[in-house]
Amino acid sequence: MKIYIDGQMLDEKDAKISVFDHGLLYGDGVFEGIRFYSGRIFRLEQHLVRLYESARAIALTIPMTIEEMAEATLKTVAANGLRDGYIRLLVTRGVGTLGLDPDRCPKASVIIIAATIALYPRERYEQGLTLITCATRRPTPASLSPRVKSLNYLNNIMAKIEAKQAGCEEAVMLNEQGYVAECTGDNIFVVKGGKVTTPPTYSGALDGITRHAVMELMAKLGIECREEVMTRHEIYTADEVFLTGTAAEVIAGVSLDRRDIGTGKPGPITLRLVEEFTKMANSEGAPVPY
Ligand code: PXG
């Protein structure tokens, strides 16, 4: 595997970062997870815009332009000869001293990994995921905005641990007020009476790229979708629930807190969107220069 670090394409065994990198010492940095399908990177520009916005929000200067970043990302995929897979792109604050001060880190580091990912086994896409509500809340925007895709994912990891300890696959995370925000690495959608709702970003949801793509698909298919503040009640009483995320793609949620959602099986709107998303993902994107 070839990994991009700060302008160099390195073998996996040589792809190392300093123990003084503030990305490691403090989780000081931002990242993206991006998929590519059939030799094209899906929504590359949207991912990079979000990356640069996350960086801007934490006052981190990325030492290359967005165009240079796009080129480096495409080249990393090409160098690995992969046609379908997953990119992890990180920008860390860089090497600094043992102290919080980011001004002691003269240059941010850029790391690009192109690999493959399988979050869930195939049968989960047919049977759906079991969900629990976790006690860990989405952080309030009064601390770090939940819109920043930062290298500190401990909150989400704590939520994932809760889900797994409860014997479930995913956790529904509420915000401080108790409204539904999202899952640990996915946005959430609820279907009722043929209409779809999803929490707005101000409920604590990340502005997901897959969320946007699926909303576009629904508009095209004539399925009404609205952003609405919601509680767990809407999930308990839904006909269908589905999650969207780069890694998970589109996947059904079939129970919450051991209560079946609808029939307890993936519903027709979810299955239709899974199918349409696969088509969309395989028919657009920035071509990789192999
Ligand atoms: N919410 C959160 C908190 C996320 O981290 C999404 C929603 C979905 O957004 P996109 O743009 O990917 O549609 C994410 C995505 C994983 C994993 O293993 C997922 C994410 C990051 C790291 C790992 O599922 N981010």
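Using my numbering, you'd call the opening residue of the sequence shown number 1 and step up by one each time.
Ideal Cβ positions, reconstructed from N, Cα and C, are used throughout, including at glycine.
Three-state secondary structure (DSSP) of residue i
| i | result |
| --- | --- |
| Gly262 | coil |
| Lys107 | coil |
| Pro146 | coil |
| Thr237 | coil |
| Ile209 | helix |
| Asn80 | coil |
| Val254 | strand |
| Met1 | coil |
| Phe242 | strand |
| Thr197 | strand |
| Val214 | helix |
| Arg272 | helix |
| Asp14 | helix |
| Arg226 | strand |
| Leu90 | strand |
| Met9 | strand |
| Pro102 | helix |
| Tyr37 | strand |
| Ile112 | strand |
| Ala286 | strand |
| Gly23 | helix |
| Phe189 | strand |
| Phe319 | A query on residue 319 cannot be resolved here, the shown segment of the chain reaching from 1 to 290 and no further. |
6 Å Cβ shell around residue i - same chain, five flanking residues per side excluded
| i | result |
| --- | --- |
| Gly39 | Arg83, Val288 |
| Asn187 | Ala205, Gly208, Arg211, Thr244 |
| Ile113 | Ile3, Arg88 |
| Arg299 | The requested residue 299 is not part of the displayed model; the chain covers only 1 to 290. |
| Ala166 | Ile132 |
| Glu234 | Val190 |
Same chain, Cβ closer than 7 Å to residue i, neighbours up to 5 away in sequence not counted
| i | result |
| --- | --- |
| Pro139 | Pro146, Asn155 |
| Lys265 | Gly128, Val254 |
| Met215 | Cys225 |
| Tyr37 | Asp84, Ala281, Asn282, Gly285 |
Own chain residues within Cβ distance below 8 Å of residue i, not counting five before or after
| i | result |
| --- | --- |
| Leu151 | Gly23, Gly27, Asp28, Gly29, Val30, Phe31, Leu90, Thr92 |
| Ile62 | Leu51, Tyr52, Ala55, Met69, Val91, Ala108, Val110 |
| Val148 | Val30, Ser54, Ala57, Ile58 |
| Asp101 | none |
| Met178 | This sequence places Gly at residue 178; Met is not what is there. Excluding positions up to five away in sequence, the list reads Thr231. |
Cβ-Cβ separation, residue j to residue i (assumed contact under 8 Å), whole Å
| i | j | result |
| --- | --- | --- |
| Glu162 | Ala181 | Rounded, the Cβ-Cβ distance is 15 Å, inconsistent with contact. |
| Arg259 | Tyr236 | 6 Å |
| Ala238 | Gly262 | 6 Å |
| Glu176 | Arg137 | 6 Å |
| Gln184 | Val190 | It is worth fixing the name first, because residue 184 is Thr in this sequence and not Gln. Not a contact, Cβ separation roughly 18 Å. |
| Ile41 | Ala247 | The Cβ separation is near 15 Å, so there is no contact. |
| Met9 | Ala79 | 5 Å |
| Glu228 | Ile269 | At roughly 16 Å, the Cβ-Cβ gap does not stay under 8 Å, so Glu228 and Ile269 are not in contact. |
| Leu119 | Val172 | The pair is not a contact, with the Cβ atoms about 17 Å apart (cut-off 8 Å). |
| Arg304 | Ile251 | Any answer about residue 304 is impossible in this case: the structure gives the chain only from 1 up to 290. |
| Leu217 | Leu273 | 6 Å |
Fill in: Any heavy atom of the ligand MN nearer than 6 Å to the CB - residues listed
The ligand MN is not among the ligands present in this structure, which contains only the ligand PXG.
Item to complete: Kindly provide the ranges of any beta strand (DSSP E) runs that are 3 or more residues long and lie completely inside the segment 121-180, ordered along the chain.
Response: Correct list: 129-133, 170-174.
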